[in-house]
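Chemist: With numbering that gives the first Met the number 0 as the guide, the letters of the sequence shown map in order to residues 0 to 339. Okay, handing you the structure first.
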Amino acid sequence: MKHTFTATLFIGIDVSSKTNYVYGMDFFGTKLLSFESSNNNPGAEVIVSKIIKCLKDNSLSYLTIALESTSFYSWHIANFLSSHEGLLWFKPNVYCLNPKITSNYKKTFVDIDKTDPNDALVIADFARVGKITSAPWKGSQYIALQRLTRCRLHIMENITREKSYILSNIFLKFSELAVMGKNEQPFSNKFGATSLAVLTEYMSVEEIANADLSELVNFLVDKSKNRFKDPQTTAKVLQRAARDAYRLDKALYDPLNSTIAASFNCIKALEKEVSTIDKAIQRAVKRIDTHEYQCISSITGIGPVFAAGIVAEIGDITKYNNEASLAKYIGLTWRKKTVR
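Listed below in C-alpha cells is the structure:
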C-alpha cells in the first residue's frame with residue numbers, strides 16, 4: 000500500500016449544467032465531504048475552499064479529483080480545479096472519466112442509501128480503489144488546440160454536407176454534368192468558379208446546348224482566367240452533356256439557379272473559414288512546440304493539420320505506459336481470451 004494513497008483526499012463531482020455535487024472520502028472510504036455548489040466561477044471557488052479546509056482538517060496531503068466527461072459542462076470546472084493556485088500545494092490530479100465506465104461501476108453497489116448523492120459517491124469511490132487508467136486533465140494549451148481542430152472538422156463536415164446538397168440541385172438542372180465520371184468532367188472542380196458561372200449565368204441547359212461554340216469558349220476562358228489547356232474541347236464536352244441532359248419546365252430554372260448560387264456561396268465562405276482556422280492551428284501548435292508533433296508530421300501522408308489534431312486529442316505521449324493504454328484511450332481495446 001502506497002503511503003500517498005492513505006494521505007489522499009478523493010473527490011467525486013457529479014456535473015450538470017447548473018450545479019456540481021461534490022462528494023469526498025479518504026482512502027478507507029470514510030465520508031469527509033458532501034455538498035452542492037453552482038456550476039460557475041463563484042461556485043467553483045466554494046468547492047476549492049471546502050476542499051482545502053477538508054484537507055487541512057484531516058491532515059491529508061494529496062488530492063485526486065474525478066468527474067464524468069459530460070459534454071462541455073465539465074470543461075470549466077476541470078480546468079479550474081487543475082490550475083487553481085490554492086490546490087497546487089496538494090498536487091491535484093484531475094480526471095475526466097468516461098460516463099459508461101462509471102455507470103458500469105455503479106452497478107456493483109447494492110446497498111447505497113437513496114438519500115446519498117449516488118453519482119458523486121460512486122465517482123469518488125472509483126478513484127479511491129485505483130480504477131482510473133486514463134491520463135489526467137491535459138491543460139488549457141492542449142484544449143485550445145483541440146477546440147481549433149474540432150472546429151475545423153465541424154466546418155469540413157458542413158462543407159461535405161453542403162456539397163452533397165448542391166449536387167441534388169445540379170442534377171435537377173444539369174443532370175449529365177452531375178453524373179459524369181472524373182475523367183469525363185469538363186471541370187477539374189465541379190464546385191469551382193467556372194462551374195458556378197456555367198450553372199448560374201446560363202439560365203437553362205438549352206442555352207448551353209444552343210450557344211455559339213466560340214462564345215462558349217470565350218466564356219470559359221474568361222471565367223477560368225485562361226486556365227484550360229484546351230478550352231474548345233471543354234466547350235464541346237459541355238455542349239454534348241447539355242444536349243443529353245433532361246429538360247425542365249421553365250418555371251424551375253430561376254429557383255434552381257438561386258439555390259445553386261446560395262450553396263456555392265456557402266461553400267466558398269466555409270472554405271475561407273477553414274483557411275483562417277488552419278493559420279490559427281499553426282499558431283497554437285507553435286505555443287505547445289511538442290516533440291510528438293514534429294514526429295507525427297514527419298510521417299508520410301500526415302500533414303500539419305492532421306498531426307495537430309492527433310496531438311490535441313492524445314496530449315503528452317509520456318502519460319501512456321504503452322501502446323495498449325493509448326489504444327484504450329482512443330477506444331480500441333483487445334479482449335484477452337484463453338486458448339484451449
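For each residue, glycine too, the CB sits at the ideal point set by N, CA and C.
Taking 7 Å as the cut-off, decide whether the C-beta atoms of I154 and A65 are in contact.
Modeler: no
Chemist: For Y94 versus T7, is the C-beta distance shorter than 7 Å?
Modeler: no
Chemist: Between S36 and E322, what straight-line distance do the alpha-carbon atoms span, to the nearest angstrom?
Modeler: Taking the straight line joining both Cα atoms gives about 39 Å.
Chemist: Please state whether the Cβ-Cβ distance between N157 and L59 is less than 7 Å.
Modeler: No, they are not a contact pair.
Chemist: What are the boundary residues of the beta strand (DSSP E) that E67 is part of?
Modeler: First-last of the beta strand (DSSP E) with E67: Y61 to E67.
Chemist: Can you give me the C-alpha to C-alpha distance between Q145 and S70, rounded to a whole angstrom?
Modeler: Distance between Q145 and S70, taken at the CA atoms: about 14 Å.
Chemist: Rank D25, H75 and D56 by C-alpha distance to the C-alpha of A126 and give the top, closest one.
Modeler: D25
Chemist: Taking the alpha helix (DSSP H) that L331 falls in, what are its first and last residues?
Modeler: Neither: L331 is in no alpha helix (DSSP H) and is coded neither H nor E.
Chemist: Quick one: which unbroken alpha helix (DSSP H) runs of 4-plus residues sit fully inside the region 160-196? Chain order, please.
Modeler: 174-178
Chemist: Keeping to the same chain, check which residues put their C-beta closer than 6 Å to that of K327; ignore five residues upstream and five downstream.
Modeler: Taken in chain order, the list of residues that qualify is empty.
Chemist: Considering only the alpha carbon of each residue, which of L152, L251 and L247 lies closest to G308?
Modeler: L152
Chemist: Look at A196 and W136 and say whether their C-beta atoms are less than 7 Å apart.
Modeler: no
Chemist: So if DSSP puts K49 in a beta bridge, which residue, or which two residues, is it bridged to?
Modeler: Bridge partners of K49: none, in fact.
Chemist: Can you tell me the Cα-Cα spacing of N168 and L219, whole angstroms?
Modeler: 22 Å
Chemist: How should Y141 be labelled, buried or exposed, when 16 other C-beta atoms within 10 angstroms of its C-beta is the threshold for buried?
Modeler: Y141 should be labelled buried.
Chemist: If you check the beta carbons only, do A143 and A283 fall under 7 Å apart?
Modeler: Contact check for A143 against A283 passes: the beta carbons are separated by less than 7 Å.
Chemist: Which whole-angstrom value describes the C-beta separation of G11 and A134, a residue pair presumed to lie in contact below a C-beta threshold of 8 Å?
Modeler: With 8 Å as the limit, G11 and A134 do not qualify as a contact, their Cβ atoms being about 18 Å apart.
Chemist: Please state if the CB of K222 and the CB of D193 are separated by a distance shorter than 7 Å.
Modeler: Residue identity differs from the one stated: residue 193 is Thr in this sequence, not Asp. Yes, the Cβ-Cβ distance between T193 and K222 is below 7 Å.
Chemist: On the three-pair Cβ rule with 8 Å, is the region 237-251 touching the region 198-208?
Modeler: yes
Chemist: Could you round the C-beta distance between L198 and K228 to whole angstroms and report it? I think they count as a contact, below 8 Å.
Modeler: So it is not a contact: roughly 22 Å between Cβ atoms.
Chemist: At the level of alpha carbons, what is the spacing between A311 and G191?
Modeler: 32 Å
Chemist: Suppose you measure from the CA of Y319 to the CA of L325; what does that come to, to the nearest Å?
Modeler: 6 Å
Chemist: Less than 7 Å between the beta carbons of C150 and I276, yes or no?
Modeler: yes
Chemist: Please confirm if the region 208-219 is in contact with the region 259-267, defined as three or more CB-CB distances below 8 Å between the two stretches.
Modeler: no
Chemist: Look at the alpha carbon of N57 and the alpha carbon of G302, and state the distance between them as a whole number of angstroms.
Modeler: Answer to the nearest angstrom: the Cα atoms are 52 Å apart.
Chemist: Count the other CB atoms, across all protein chains shown, that sit within 10 Å of the CB of S16; report buried if there are 16 or more and exposed otherwise.
Modeler: Around the Cβ of S16, a 10 Å sphere holds fewer than 16 other Cβ atoms; the residue is exposed.
Chemist: Rounding to the nearest angstrom, what Cα-Cα distance links T233 and I313 in this structure?
Modeler: 48 Å
Chemist: Output needed for T148: all residues of its chain with C-beta closer than 6 Å, excluding positions within five of it in sequence on either side, in chain order.
Modeler: A307, G308 and A311
Chemist: Out of D124, K224 and N256, point me to the one whose CA is closest to Y104's CA.
Modeler: D124
Chemist: I need the straight-line Cα distance from N188 to S48, nearest angstrom please.
Modeler: Distance between N188 and S48, taken at the CA atoms: about 60 Å.
Chemist: Alpha carbon to alpha carbon, how far is T5 from K90? Give it in angstroms, no decimals.
Modeler: 15 Å
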